[in-house]
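Quick note on my numbering: the sequence shown kicks off at 20 and runs consecutively. A quick write-up on the structure given underneath.
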Amino acid sequence: MAGLTEKEFKKLIQKHIAKSNYVKIYLTEESPESYVVGFILNVSDKFLMIQETYDFTLAGIKIIPYEKISSIRHNRFDKTSEKIFSEEGLIKLNQKIIDNTSLKNAESLFKSIKKQNFHCIIDSAKKKKDFFSIGEIIEVNEKSVIIRNYDPTGKINKKPHKISFKNLEFITFNDNYSLTFRKYLKE
Numbered sequence: 020m021a022g023l024t025e026k027e028f029k030k031l032i033q034k035h036i037a038k039s040n041y042v043k044i045y046l047t048e049e050s051p052e053s054y055v056v057g058f059i060l061n062v063s064d065k066f067l068m069i070q071e072t073y074d075f076t077l078a079g080i081k082i083i084p085y086e087k088i089s090s091i092r093h094n095r096f097d098k099t100s101e102k103i104f105s106e107e108g109l110i111k112l113n114q115k116i117i118d119n120t121s122l123k124n125a126e127s128l129f130k131s132i133k134k135q136n137f138h139c140i141i142d143s144a145k146k147k148k149d150f151f152s153i154g155e156i157i158e159v160n161e162k163s164v165i166i167r168n169y170d171p172t173g174k175i176n177k178k179p180h181k182i183s184f185k186n187l188e189f190i191t192f193n194d195n196y197s198l199t200f201r202k203y204l205k206e
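As structure tokens, then:
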């Protein structure tokens with residue numbers, strides 16, 4: 020959090036949300052990625068929700084566990100990207116999805132994604148091993164989520180993936196990959 024108190028850091032995040040600033044979020048060393056870029060949509064004590072971008076396109080909504088964030092950058096490079104997004108008319112943030120996605124805790128988050136009928140991508144780690152799951156949310160309880168996972172050929176796995184909330188790295192939904200791929204699934 021680069022020398023800021025927790026309160027100052029939260030205030031900075033709220034400023035970026037209010038102004039729809041394009042930011043680069045640096046993640047802790049344990050995270051599978053070193054940073055994420057885009058527009059912060061919402062934040063809670065548990066999660067940060069960002070409209071991720073890639074090559075001047077909106078690339079889906081990514082949920083990052085709050086403790087995985089190390090710092091946030093909004094400098095001249097980010098301001099240039101923000102200006103391009105704005106002038107090209109590319110900033111189309113979906114307020115309905117923002118409002119209908121709960122960041123209170125992992126259980127309410129997954130229930131809210133399921134209720135909106137999104138498939139999701141979950142990056143998780145267990146015993147220093149990274150896991151990738153993609154699919155429909157089947158079941159959610161206070162400790163885990165069960166995903167009807169499919170492989171890169173679109174074949175649905177016989178056994179669903181159970182992911183413990185304590186192993187979550189990222190959750191992505193409303194992205195081109197899962198929105199498109201779900202149309203081509205096979206049993």
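Using N, Cα and C, we set each Cβ at its ideal position, and we do this for glycine too.
Output needed for residue i: all residues of its chain with C-beta closer than 7 Å, excluding positions within five of it in sequence on either side, in chain order.
{"i": "Lys183", "result": "According to the sequence displayed, residue 183 carries Ser and not Lys. Lys162 and Ser163, listed in sequence order."}
{"i": "Lys230", "result": "No answer is possible for residue 230: it lies beyond the span of the chain, which begins at 20 and ends at 206."}
{"i": "Glu206", "result": "Ile175"}
Per the DSSP calculation, residue i is bridged to which residue(s)?
{"i": "Arg218", "result": "No statement about residue 218 is possible, as the shown extent of the chain runs from 20 to 206 and does not include it."}
{"i": "Asn61", "result": "Met68"}
{"i": "Ser53", "result": "Ser53 is not bridged to any residue."}
{"i": "His180", "result": "Ile166"}
{"i": "Lys174", "result": "Lys205"}
Starting from residue i, trace the alpha helix (DSSP H) both ways and give me its first and last residue.
{"i": "Ser197", "result": "Asn195 to Phe200"}
{"i": "Glu106", "result": "Arg95 to Glu106"}
{"i": "Asp118", "result": "Gln114 to Asn119"}
{"i": "Glu126", "result": "Ala125 to Lys134"}
Once DSSP output is grouped into helix, strand and coil, what is the label at residue i?
{"i": "Ile91", "result": "strand"}
{"i": "His35", "result": "helix"}
{"i": "Ile110", "result": "coil"}
{"i": "Phe150", "result": "strand"}
Check for me: the beta strand (DSSP E) holding residue i runs from which residue to which?
{"i": "Glu188", "result": "Leu187 to Phe192"}
{"i": "Leu77", "result": "Thr76 to Pro84"}
{"i": "Leu46", "result": "Tyr41 to Leu46"}
{"i": "Ile141", "result": "Cys139 to Lys145"}
Might you give, ordered along the chain, the residues of its own chain that have their beta carbon closer than 8 Å to the beta carbon of residue i, omitting 5 neighbours on each side?
{"i": "Lys202", "result": "none"}
{"i": "Ser127", "result": "Ser121"}
So, under 8 Å CB-CB, residue i and residue j are touching, yes? Tell me the CB distance rounded to an integer number of Å.
{"i": "Glu101", "j": "Asn40", "result": "6 Å"}
{"i": "His180", "j": "Ile190", "result": "So it is not a contact: roughly 13 Å between Cβ atoms."}
{"i": "Ile32", "j": "Ile59", "result": "6 Å"}
Ordered along the chain, which non-local residues of its own chain (more than five positions away) have a Cβ less than 6 Å from that of residue i?
{"i": "His93", "result": "Asn40 and Val42"}
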